[in-house]
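Taking it in order: structure first as structure tokens, then the write-up.
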Amino acid sequence: MVSTKITNQKIANIFSEIALYLHAEEVPFKPQAYEIAAENILALEEELSVSYQKCGKKCIDEIPGIGKSMADKIVEIVQTGKLKYFDQLKKKYPFEMLELTNIQDVGPKTALTLYKKLKIKTVDDLQNAAEKNSISKIPGMGTKTQRNILRGIQFLKSSSGRRIIHKVLPLAQNIAKKLQTVPGVTHVDIAGSLRRRKESIGDIDLLATTSNPKQLIKTFVSLPEVEKVLEQGNEKAMVRYTFGMQGDLLILKPSEYGAALLHFTGSREHNILLRELAINKKMKLSEHGLVHEKKIIAAKTEKQVYTALGLQEIPPEVRIGADEIKLAQKHKIPELIPYNSLKGDLQVQTDWSDGDSSIEEMALVAKTFGLSYFAVTDHTKSLTITNGLNEKRLLEQGKAIDKLDKKLKNFRVLKSTECDIKKDGSLDLSDRALETLDVVSVSVHSNRNMEKKEMTQRILRAMKHPLVHILFHPSGRIVNVRDGYNVDMDKIIKAAKEYKVALEVNGSERLDLHEKYIRQAIELGVKLVISSDAHAPKHFVNLDFGIGQARRGWATKADVLNTKTVDEFLKAIKK
DNA sequence: GCCGTTTTCGGCCCGACTGTTTTCAGTCG
188 MVSTKITNQK IANIFSEIAL YLHAEEVPFK PQAYEIAAEN ILALEEELSV SYQKCGKKCI
248 DEIPGIGKSM ADKIVEIVQT GKLKYFDQLK KKYPFEMLEL TNIQDVGPKT ALTLYKKLKI
308 KTVDDLQNAA EKNSISKIPG MGTKTQRNIL RGIQFLKSSS GRRIIHKVLP LAQNIAKKLQ
368 TVPGVTHVDI AGSLRRRKES IGDIDLLATT SNPKQLIKTF VSLPEVEKVL EQGNEKAMVR
428 YTFGMQGDLL ILKPSEYGAA LLHFTGSREH NILLRELAIN KKMKLSEHGL VHEKKIIAAK
488 TEKQVYTALG LQEIPPEVRI GADEIKLAQK HKIPELIPYN SLKGDLQVQT DWSDGDSSIE
548 EMALVAKTFG LSYFAVTDHT KSLTITNGLN EKRLLEQGKA IDKLDKKLKN FRVLKSTECD
608 IKKDGSLDLS DRALETLDVV SVSVHSNRNM EKKEMTQRIL RAMKHPLVHI LFHPSGRIVN
668 VRDGYNVDMD KIIKAAKEYK VALEVNGSER LDLHEKYIRQ AIELGVKLVI SSDAHAPKHF
728 VNLDFGIGQA RRGWATKADV LNTKTVDEFL KAIKK
């Protein structure tokens with residue numbers, strides 16, 4: 188029996204909690220092993236319960252950081268919904284380790300002490316104890332610790348965890364911009380998961396160089412965006428922002444900037460692998476540089492550090508601690524698609540359906556984003572809520588586009604559609620109407636809860652349609668909102684190859700495809716398009732997030748059809 | 001508990017900051 192209710196998140200949580208208990212017990216090395224396993228499980232796109240059904244323990248054992256012992260444990264969880272080893276630990280330590288250590292400044296050892304001394308089991312217990320002044324009486328803890336714990340609980344209750352990159356990046360850029368104007372400052376850069384373009388962001392890491400560190404730290408902690416200062420040293424400060432996130436500012440020596448940028452960009456797993464590689468070469472890597480026999484041999488730029496380690500420079504977006512280092516050793520990291528390299532946008536909604544603006548308004552703004560063409564892809568009639576187009580209105584729109592196209596200079600508007608894939612896999616518009624278009628794109632919007640087999644068949648049928656060029660948001664997920672449809676993505680990718688249908692990398696908050704499938708599609712030779720899914724002029728920034736996502740999936744310029752000029756693009760999609 | 005261009009045994013990432021202490025433990029990134 189396999190329980191599909193066991194999610195990867197749940198398994199990762201169990202492993203993380205085991206790591207914390209082992210850490211509290213001061214067991215050497217095992218905690219890190221469980222932590223790494225938990226991280227790697229979270230990065231998986233496919234549910235482990237599904238992988239196990241597909242090919243048993245073998246598939247699980249192949250996951251990096253998971254060996255025989257943990258594979259057995261995962262199988263036990265997937266089969267029974269429980270893990271005996273974990274239950275024993277919970278019996279021994281019946282307190283909410285994971286929740287308690289979520290509080291800033293509370294780690295596994297503090298949580299254990301709190302349980303032993305005051306029988307604290309939950310965050311609420313801890314809050315009560317702190318409010319009664321009991322924490323400060325524990326040896327090794329004082330009034331400041333007690334106060335910090337209370338603040339941490341308050342923050343935890345008011346914040347909502349990781350946020351989507353679309354919301355966080357503009358905030359970070361704005362703060363960085365302000366710091367750049369402080370006298371003496373030479374560099375301010377965004378590091379951490381923002382620089383790696385992760386889909387969701389936990390905190391904001393900023394790095395800077397300046398001739399006047401004191402002044403910069405002082406300005407930083409006094410910014411109007413800063414609600415509370417959590418740490419303030421000579422080269423580092425940590426704050427809580429008014430928008431409910433935390434952030435660091437680190438001040439660095441210009442001579443060590445590359446090593447520090449590398450360190451604070453992460454990921455943690457990537458850094459660990461780099462340091463292990465350094466040790467193998469009788470060197471030591473830290474944020475201060477790569478050191479050999481007490482002499483710094485590389486530190487100024489990231490490239491210098493990678494080169495000194497015998498590696499090709501690795502782009503931030505793929506620094507996840509998987510196979511990127513091995514490929515960099517063989518100099519097999521491809522040149523990823525550059526930012527700002529798109530010439531067109533293949534998904535744009537206008538006021539003909541649920542967009543805010545006219546085709547012309549959208550076109551004028553698109554030009555300012557460096558585009559020379561886009562496809563108008565209003566919804567179709569099944570989606571009545573969006574005022575979707577029927578055949579008649581589509582033809583009218585075509586005429587309007589012809590007229591506009593003559594008027595616009597250096598910009599081409601393509602006739603297109605986001606044609607709804609109906610429940611049975613047929614399309615929402617007649618072939619005759621579709622034949623009038625330059626590009627036909629299709630996607631699923633209704634009946635999202637179909638069984639996997641039916642949903643897969645439905646999408647495959649639409650892809651097989653001879654007039655279809657592009658499949659939009661192939662998995663149906665929206666980051667932090669909902670998971671994708673139940674669909675066999677392997678089959679979709681193979682069909683994309685067979686029927687010559689491009690897959691969309693949607694740059695909106697969908698960020699759909701997932702990077703794993705982007706990489707898989709590319710390896711099979713499937714072509715991609717990156718689009719903004721703009722419903723308003725300001726949404727063209729989504730193209731940038733789409734490129735970030737594509738880079739995370741190892742896409743090159745050649746893999747992405749809308750890096751081409753409009754004529755080349757139209758030629759490339761021809762069947 | 002994982003892993004292997006040095007290895008199937010014997011290794012396992014590094015440093016700043018804070019709070020509570022008189023030299024360090026815990027947390028964090």
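Here the first sequence is numbered in this note's numbering, starting from 188 and rising by one per residue. Beta carbons are placed, not taken as given, at the ideal position from N, Cα and C, and that holds for glycine. Remember, it's a predicted structure, so these values are computed and weren't measured experimentally.
Could you tell me the alpha carbon to alpha carbon distance between residue i and residue j, rounded to whole angstroms?
{"i": "Ala224", "j": "Pro251", "result": "8 angstroms"}
{"i": "Ala495", "j": "Asn467", "result": "13 angstroms"}
{"i": "Gly268", "j": "Gln196", "result": "13 angstroms"}
{"i": "Ser442", "j": "Ala485", "result": "9 angstroms"}
{"i": "Glu500", "j": "Ala515", "result": "7 angstroms"}
{"i": "Val552", "j": "Ile483", "result": "49 angstroms"}
{"i": "Glu318", "j": "Glu386", "result": "37 angstroms"}
{"i": "Met328", "j": "Ser454", "result": "32 angstroms"}
{"i": "Arg599", "j": "Lys687", "result": "24 angstroms"}
{"i": "Tyr241", "j": "Asp543", "result": "The amino acid at residue 241 is misidentified as Tyr; the sequence shows Lys. C-alpha separation (whole angstroms): 45 angstroms."}
{"i": "Ile459", "j": "Ala723", "result": "43 angstroms"}
{"i": "Glu414", "j": "Ala689", "result": "46 angstroms"}
{"i": "Gln291", "j": "Asn335", "result": "8 angstroms"}
{"i": "Ala721", "j": "Thr488", "result": "37 angstroms"}
{"i": "Asn227", "j": "Arg580", "result": "49 angstroms"}
{"i": "Lys681", "j": "Ala446", "result": "41 angstroms"}
{"i": "Met284", "j": "Leu270", "result": "17 angstroms"}
{"i": "Ala745", "j": "Ile340", "result": "49 angstroms"}
{"i": "Lys278", "j": "Thr429", "result": "40 angstroms"}
{"i": "Lys593", "j": "Thr555", "result": "19 angstroms"}
{"i": "Phe732", "j": "Arg664", "result": "16 angstroms"}
{"i": "Glu222", "j": "Asp510", "result": "18 angstroms"}
{"i": "Pro411", "j": "Asn729", "result": "28 angstroms"}
{"i": "Gln314", "j": "Pro357", "result": "34 angstroms"}
With DSSP as the reference, identify every bridge partner of residue i, one or two as the case may be.
{"i": "Leu658", "result": "Val629 and Leu690"}
{"i": "Tyr672", "result": "DSSP lists no partner for Tyr672."}
{"i": "Tyr560", "result": "Gly531 and Arg599"}
{"i": "His722", "result": "Paired residues: none, contrary to the question."}
{"i": "Glu605", "result": "His566 and Ser628"}
{"i": "Gly434", "result": "Ile391 and Val426"}
{"i": "Thr743", "result": "Leu523"}
{"i": "Asp699", "result": "Asn693"}
{"i": "Gln419", "result": "Ala424"}
{"i": "Arg350", "result": "Ile388"}
{"i": "Val716", "result": "Glu691"}
{"i": "Leu614", "result": "Ile608"}
{"i": "Ile141", "result": "Nothing about residue 141 can be reported from this structure: the residues present for the chain run from 188 to 762 only."}
{"i": "Val413", "result": "Tyr428"}
What does the Cβ neighbour count give for residue i, buried or exposed, with the cut at 16 atoms within 10 Å?
{"i": "Val293", "result": "buried"}
{"i": "Asp618", "result": "exposed"}
{"i": "Ala781", "result": "Lying outside 188 to 762, the shown extent of the chain, residue 781 is not represented and no answer is given."}
{"i": "Asn527", "result": "exposed"}
{"i": "Gln367", "result": "exposed"}
{"i": "Val214", "result": "exposed"}
{"i": "Lys751", "result": "buried"}
{"i": "Ile572", "result": "exposed"}
{"i": "Pro326", "result": "exposed"}
{"i": "His450", "result": "buried"}
{"i": "Asp765", "result": "The chain is shown from 188 up to 762; residue 765 falls before or after that span and cannot be answered."}
Assuming residue i and residue j form a contact by the criterion Cβ under 8 angstroms, report the distance between their Cβ atoms to the nearest whole angstrom.
{"i": "Ile322", "j": "Thr332", "result": "7 angstroms"}
{"i": "Ser633", "j": "Lys610", "result": "7 angstroms"}
{"i": "Lys602", "j": "Asp625", "result": "5 angstroms"}
{"i": "Leu715", "j": "Ile705", "result": "7 angstroms"}
{"i": "Gly508", "j": "Glu456", "result": "2 angstroms"}
{"i": "Gly612", "j": "Gln584", "result": "Their Cβ separation, rounded to whole angstroms, is 25 angstroms, which puts Gly612 and Gln584 out of contact at 8 angstroms."}
{"i": "Leu765", "j": "Gly434", "result": "Outside the shown range of the chain, which is 188 to 762, sits residue 765, and nothing can be said about it."}
{"i": "Ile734", "j": "Ile524", "result": "6 angstroms"}
{"i": "Thr452", "j": "Gly379", "result": "6 angstroms"}
{"i": "Leu403", "j": "Val355", "result": "So it is not a contact: roughly 22 angstroms between Cβ atoms."}
{"i": "Ile388", "j": "Ile362", "result": "Incorrect: roughly 13 angstroms between the Cβ atoms, too far for contact."}
{"i": "Glu702", "j": "Gln736", "result": "6 angstroms"}
{"i": "Tyr560", "j": "Val692", "result": "Their Cβ separation, rounded to whole angstroms, is 18 angstroms, which puts Tyr560 and Val692 out of contact at 8 angstroms."}
{"i": "Ser238", "j": "Ile247", "result": "6 angstroms"}
{"i": "Glu605", "j": "Gln707", "result": "Between Gln707 and Glu605 the Cβ distance is about 24 angstroms, and since that is not below 8 angstroms, they are no contact."}
Could you tell me which whole beta strand (DSSP E) segments of length 3 or greater appear in the stretch 469–556? 471–473, 476–479, 482–485 and 531–535
Start-end ranges of the beta strand (DSSP E) lying completely within the stretch 353–407, minimum 3 residues: 372–377 and 390–397
List in chain order: all unbroken alpha helix (DSSP H) runs of 4+ residues lying wholly within the stretch 211–243. 217–229
Report the residue ranges of all alpha helix (DSSP H) runs contained in full by the stretch 254–310; include only those spanning at least 4 residues, in chain order. 255–267, 271–279, 284–288 and 295–305
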